[in-house]
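Participant: Numbering-wise, my numbering puts 41 at position 41 of the sequence shown, and it's gapless, one number per residue.
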Amino acid sequence: MAAAPSVELGLRANWRQFSLLVLINAFVGGMVGIERTVVPLIGSEQFRRASTTLVTSFIVSFGVVKACANLVSGKLADRWGRKRVLVLGWLFGLPVPFMIIAAPSWEWIVAANALLGVSQGFAWSMTVIMKIDLVGPKSRGLAIGLNEFAGYLALGLTALATGYIAASYGLRPAPIYLGVAYALAGTALSILLVRDTRTHVELETERHGAEAPPLRFAEVFALTSFRDRNL
């Protein structure tokens, strides 16, 4: 299937979609920023969790599911399309702030944190992949750099903002309202305005051709884990 004539690679040609994806990834980072400041305090002050239990359950639940989501996101993106996986990531993240606000026990917080891990694994990964698709081979480093900058800047600023809000209005629900806004905005923008970048991939493949046969999952895992020292 030939790429549509109107499709072009490059930041200048795709700056609107690129900027939209930067904004969406900032919302992903902001969701994580809320949890980094407020949620540990909810655990220690409202649910009386000891610090070791708090840190272990909080980090493990997020890290394990995020790692698994990262692992499968690329395969799902090739099979279903980038936009669908991006939207799926936001649908996983949508209930997170509401669960934190309503949580009657620490287990609810851990479950919300796990959902956030899935959400970030899918949504953050897709914003990276889609930006790379848009800009083509010449500007991939810039695409990744801007993506990480936006996400972590939003994470830090949101953590700072929620700290101030919590100091003035309490740990729940006021600081978590930022998360509600991020989740609703990220989901709406992903559904309504983001366009899938599959045609950009087809155009790049058409221009440059396949440089090597596709690798199986086990081969990719071995290559990136221990065979290639640069990776």
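The beta-carbon is built from N, C-alpha and C at its ideal position, and this holds for glycine as well.
Helix, strand or coil for V38, going by three-state DSSP, please let me know.
Facilitator: helix
Participant: Check A222 in the structure and name its three-state DSSP category.
Facilitator: Looking at A222 - three-state DSSP - the assignment turns out to be helix.
Participant: Hey, would you say G179 sits closer than 9 Å to G30, going by beta carbons?
Facilitator: yes
Participant: If you measure between the beta carbons of L134 and L9, is that distance less than 9 Å?
Facilitator: yes
Participant: Under three-state DSSP, which class holds P104?
Facilitator: coil
Participant: Here's the rule: buried if 16 or more other CB atoms are within 10 angstroms of the residue's CB, otherwise exposed. What is V87?
Facilitator: buried
Participant: Skipping 5 residues on each side, what residues in its chain have a beta carbon closer than 7 Å to that of L193?
Facilitator: L20
Participant: For the alpha helix (DSSP H) holding V87, just list the boundary residues, first then last.
Facilitator: R82 to G93
Participant: Specify whether the stretch 63-76 and the stretch 97-108 touch according to this definition: at least 3 beta carbon pairs, one from each stretch, less than 8 Å apart.
Facilitator: no
Participant: Going by DSSP, what residue range makes up the alpha helix (DSSP H) through G43?
Facilitator: G43 -> no alpha helix (DSSP H), and no H or E assigned at all.
Participant: How about the stretch 74-93 and the stretch 116-131: do they share at least three Cβ pairs that are nearer than 8 Å?
Facilitator: yes
Participant: With a 10 Å radius around its C-beta and 16 neighbouring C-beta atoms as the bar for buried, classify A2 as buried or exposed.
Facilitator: Its pLDDT being 45, under 50, A2 is placed unreliably by the model, and the measurement read from it follows with that caveat. With fewer than 16 other beta carbons inside 10 angstroms of its own, A2 counts as exposed.
Participant: With distances taken Cα to Cα, identify the nearest neighbour of R7 among E202, E219 and S125.
Facilitator: Checking the displayed sequence, the identity of residue 7 turns out to be Val instead of Arg. Closest by alpha carbon: E202.
Participant: Can you tell me which of the three DSSP states N14 falls into?
Facilitator: coil
Participant: Who are the near neighbours of S139 in its chain, counting only those whose CB is closer than 8 Å to its CB and skipping five residues on each side?
Facilitator: G10 and L11
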